[in-house]
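Residues 15 to 309, numbered by my numbering, are exactly what the sequence shown covers, in order. Read the structure below first, then the notes.
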Amino acid sequence: MSGDGPLLTEAELRRLARLRIRRRRATPTGEFGDWRTGRVGSGVLFADHRDYVPGDDLRYVDWNVYARLGDLVVKRFEAEENLELLLCVDRSLSMEGPKSRAARRLAAALGYLALANMDRARLAWLPSLTTAPVTAHRGKGRTGALMDELAKAPVGGSTDHARSIGRVLSTCRRRMIAVVLSDFYDPANSVAALAALKSRGMDVVAVHMLDAADVELEPGSSLLAVDRETGQEVKVDVTKAFLESLRTSWHHRADTLERWCVKREVLYQRYDVALGLWDVLADMLGRGIAVGSSG
């Protein structure tokens, strides 16, 4: 990418420090950390009670309940585990411009939130940049490396999300929160990729990058339209009917993807690049998708 300044300013990082990522459901990883899993065990968060049975560890008997009610019950606890976040960022040619910058800023914000809490963040480019489809980062000390990677990776290549995600999944043994940031230029290929993530038990968030400039043309003009990814050229007369059809198709594609996601419990978030990063984060917070108050 061209140098447009840091993805996140110091002021934005301070503001992010008041947020945290949260998951919708359990992600069993077998390690303890700061994130609730919903898996019952001998962790540190009280879950509920169950009846005492002979052989239970007496340390977990709730003697207060026994004193009040005479019932012999055992405390159960929720384990807390480390969160692992998988960021899948589209860098294909259709993303060139404001969509790419906005996607990388949001990925940087989410990655910062994961690393600031001593958790893991993995970054996968769609399409891949190297033979290794995923880079792994852990701990706050890796924040700079993640930001640097997000800022410097070039835009290039064609959209083939299903193939790219297949390579990513070949390296992933855990269930994670998987956030895919893309304009979903190739809908059929894109939903195959989202379905593959979902089938592996991932908590999937699809962030749909939208730029109205993609369908804003000058009425009455003639132009040579070039597909950014294939290079195919088409001569176009920009009539009022053509513009209406183009805009309708643009909205229809987004609506269709959203319906597909809702049916399959994939969380769908639109990101209009005309909005700022904080507008989108606020929407995600309000809907409980990916970030929540640190308090």
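Glycine is no exception: its CB is placed at the ideal position from the N, C-alpha and C atoms.
Item	Value
Stretch pair the region 103-117 + the region 62-76: three plus CB contacts closer than 8 Å	no
Cβ pair count under 8 Å reaching 3, the region 119-129 against the region 169-179	no
Contact set for Arg284: own chain, Cβ-Cβ below 7 Å, skip 5 residues either direction	His222, Leu224, Ala268
In chain order, each beta strand (DSSP E) run of at least 3 residues that lies wholly inside the region 108-161	134-140, 149-152
Chain-order list of residues whose beta-carbon lies under 8 Å from that of Ala117 (same chain, five-residue window excluded)	Val103, Asp104, Met109, Leu195, Ser196, Val221, Met223, Tyr285
Boundaries of the beta strand (DSSP E) in which Glu98 is found, first to last residue	98-104
C-alpha distance - Ile191 paired with Val219, whole-angstrom precision	8 Å
CA-to-CA distance, Ala138 to His266, given in whole angstroms	28 Å
As assigned by DSSP and simplified to three states, the class of Leu281	strand
Backbone CA spacing between His175 and Pro141 [nearest angstrom]	7 Å
Per-residue burial, Ser204 [other beta carbons within 10 Å of its own, 16 or more giving buried]	buried
Cutoff 8 Å; reference Leu271; Cβ partners in own chain excluding five residues on either side	Phe198, Pro201, Ser204, Val205, Ala220, His222, Tyr282
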